[in-house]
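Chemist: Let me begin by handing over the structure; questions about it come next.
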Amino acid sequence: QKVFNAVKAVVSTQSTGEYAKDDPSCEVVIGGGCNDEVGYYVEPTVVMTTDPKCKLMVEEIFGPVVTVYVYEDNDWESTLDLVNETSPYALTGSIFCKDRNLLEAAHQALRHTAGNIYFNDKSTGSVVGQQPFGGSRASGTNDKAVSLNLISKWTSPQAIKESLVPLSTHTYPYMDQ
-16 QKVFNAVKAV VSTQSTGEYA KDDPSCEVVI GGGCNDEVGY YVEPTVVMTT DPKCKLMVEE
44 IFGPVVTVYV YEDNDWESTL DLVNETSPYA LTGSIFCKDR NLLEAAHQAL RHTAGNIYFN
104 DKSTGSVVGQ QPFGGSRASG TNDKAVSLNL ISKWTSPQAI KESLVPLSTH TYPYMDQ
């Protein structure tokens, strides 16, 4: 109920006082309906915004909500900076791009903006048991569940070297040169 009410407060077009409806920089393009008569249903919702730092672009919203901000092509590099600086959260993200060089540049610029990042694929592509998943920044510790890397969080690795031939001197052969 708590999550449903939080998402409803952000996107609902059915009552006043709802953020996406009342913010002049936002327009609910499709969806926005919510119904809790049987379960907790939120219509898949698309919101257009002219403010790249509006609440919908900055906060994590755990519901079927996509917020779209259209940038000018010639603002590509400043838009990458904007994405990097807009939110303290970094759960997941997608980059859609046909130009491989631009895709690589975007990846480098945005490497800390998502725990999982997808190239030319939807950002919900993580499949439990098949692909590690975990957010960074305020979205988590960037641990990757179902990954062998996660085990290092619970261990204290120690390097051990054992010589099976007794030492006959304290020097190494290169010291004789």
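Residues -16 to 160, numbered by my numbering, are exactly what the sequence shown covers, in order.
Just so it is clear, CB atoms sit at the ideal spot from N, CA and C, and this is done for glycine as well.
#1: Checking 8 Å against the spacing of the C-beta atoms, do T62 and A97 come in under that value?
#2: Assuming Y52 contacts P35 (C-beta within less than 8 Å), just tell me the rounded distance between them.
#3: At a cut of 8 Å, does the segment 75 to 87 reach the segment 41 to 49 through at least three beta carbon pairs?
#4: Can you grab the Cα-Cα spacing for the pair H90 / K38, in whole Å?
#5: What residue range does the beta strand (DSSP E) around F102 cover?
#6: The alpha helix (DSSP H) spanning M158 covers which residue range?
#7: Could you spell out where the alpha helix (DSSP H) holding E68 opens and where it closes?
#8: Do you know offhand how far M158's Cα is from V148's?
#9: Taking V41 as part of the alpha helix (DSSP H), name the residues at either end of that continuous run.
#10: Looking only at its own chain, which residues have a Cβ that is under 6 Å from the Cβ of Y24, when we skip the five neighbours before and after it?
#11: Under the three-state reduction of DSSP, which class applies to E10: helix, strand or coil?
Modeler: With the given structure in hand:
#1: It is not a contact, given that the beta carbons lie outside the stated cut-off.
#2: Confirmed, about 5 Å.
#3: The segment 75 to 87 makes no contact with the segment 41 to 49: fewer than 3 CB pairs, one atom from each, lie closer than 8 Å.
#4: One alpha carbon belongs to H90, the other to K38, and they sit about 24 Å apart.
#5: Taken as a continuous stretch (DSSP letters only), the beta strand (DSSP E) holding F102 covers N99 to F102.
#6: Annotation for M158: no alpha helix (DSSP H) segment contains it, and DSSP assigns it neither H nor E.
#7: According to the DSSP assignment, E68 belongs to the alpha helix (DSSP H) that extends over W59 to T69.
#8: Looking at the two C-alpha atoms, the distance is approximately 19 Å.
#9: Residues K38 to V41.
#10: Excluding sequence neighbours, Y24 sits near N18.
#11: Looking at E10 - three-state DSSP - the assignment turns out to be strand.
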